[in-house]
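Here is the structure we will look at.
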Amino acid sequence: MAIGISLPPRQVAQTRLQLRTAETAFGGHPQKLKAGILRIVSITRVVWRRMMNAVSNVLRHQERVKQRQRAQFIAFEHQFEGLVDLLCASAREGVLKKRECEYRQRRDWMMVHYPPIARHLQSYWTATQPQPMDPIQALFCSARLEETINVESTIEDITRARFALEAYGTSIDAYSN
C-alpha cells in the first residue's frame with residue numbers, strides 16, 4: 076500500500092515504470108512548447124506588421140490616385156470653362172480669326188486630355204437620355220468653331236456637360252473625405 080492506494084505490488088511497479096516513461100517522454104516538452112509558442116507569436120507579429128504595411132500602402136496608393144484624378148479634373152474643368160466662354164463669346168459677337176485659333180488649341184487639348192475623364196463622366200449623362208451622346212465631345216468634335224456654335228443642341232450640351240462635371244467633381248470630393 077503505497078500512498079494510500081490499494082494496488083497490488085506488481086501493479087505499483089508497473090505504474091511507477093509508466094510514470095517514469097511518461098515523465099521522460101514529456102519532460103522536455105514544456106521547453107519545446109514554450110519555444111513553439113514564442114515562434115508562433117513572433118511569426119504572427121511579423122505577418123501582422125506586413126499585413127498592416129500592405130494595407131497602409133494600398134491606402135496611400137488610393138489617396139495618390141484620387142489626388143491625381145482630382146488634379147486631372149481641375150485642369151480639365153478649367154479648359155472646359157474656357158471652351159464654353161469661347162463658344163458663348165463667338166455666338167454673341169461672331170467668329171473671329173483669334174477665336175478660331177483659340178478654339179483649335181482648346182480642341183487639340185481636349186482631344187488629348189478628355190478620354191481619361193470621359194469614362195468617369197459617362198455615367199452622369201446616361202441617365203438623362205436612353206441613347207446618350209457625349210455632350211462634352213459634341214462641343215469640340217467639329218474642326219471649325221462656326222460649325223460648333225451653329226449646332227442647335229450646343230446650349231443643351233453645355234448644360235448637360237456642366238451637370239456631369241459638377242456631379243463627378245462632387246463624387247471625387249465625397250470619396251476623398
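So our numbering is basically just the index in the sequence shown, starting at one, shifted up by 75. Cβ atoms here follow ideal geometry from the backbone N, Cα and C, with glycine treated the same way.
Reference residue i, options the options, closest by Cα
i, options, result
"Leu-214", "Leu-158, Thr-119, Glu-241 and Gln-144", "Leu-158"
"Leu-196", "Glu-138, Glu-221, Trp-184 and Ile-211", "Ile-211"
"Val-187", "Arg-174, Gln-154, Lys-173 and Thr-234", "Gln-154"
"Trp-200", "Ile-233, Glu-227, Ala-218 and Ser-131", "Ile-233"
"Ile-192", "Lys-141, Lys-172, Lys-173 and Glu-231", "Lys-141"
"Glu-241", "Leu-171, Phe-148 and Cys-216", "Phe-148"
"Ala-239", "Cys-216, Met-208 and Glu-222", "Met-208"
Neighbourhood of residue i by C-beta distance below 7 Å, restricted to the same chain and skipping five residues each side
i, result
"Ala-166", "Ile-224"
"Tyr-178", "Leu-161 and Leu-220"
N-terminal and C-terminal residue of the alpha helix (DSSP H) that residue i is part of
i, result
"Arg-194", "172 to 200"
"Leu-220", "220 to 224"
Exposed unless 16 or more other CB atoms sit within 10 angstroms - verdict on residue i
i, result
"Arg-143", "exposed"
"Ala-218", "exposed"
"Met-185", "buried"
"Arg-125", "exposed"
"Ala-129", "exposed"
"Ala-249", "exposed"
"Arg-235", "buried"
"Arg-181", "buried"
Sequence-distant residues of its chain with Cβ nearer than 6 Å to residue i (five each side left out)
i, result
"Met-76", "Here Met-76 scores only 44 on pLDDT, less than 50, and its place in the model is too uncertain to base an answer on."
"Gln-145", "The sequence given here has Arg at residue 145, not Gln. Around Arg-145: Ile-247."
Nonlocal neighbours in the same chain, by C-beta distance under 8 Å from residue i, ignoring five residues either side
i, result
"Glu-231", "Pro-210"
"Ala-150", "His-188"
"Glu-152", "Leu-240 and Gly-244"
"Arg-120", "none"
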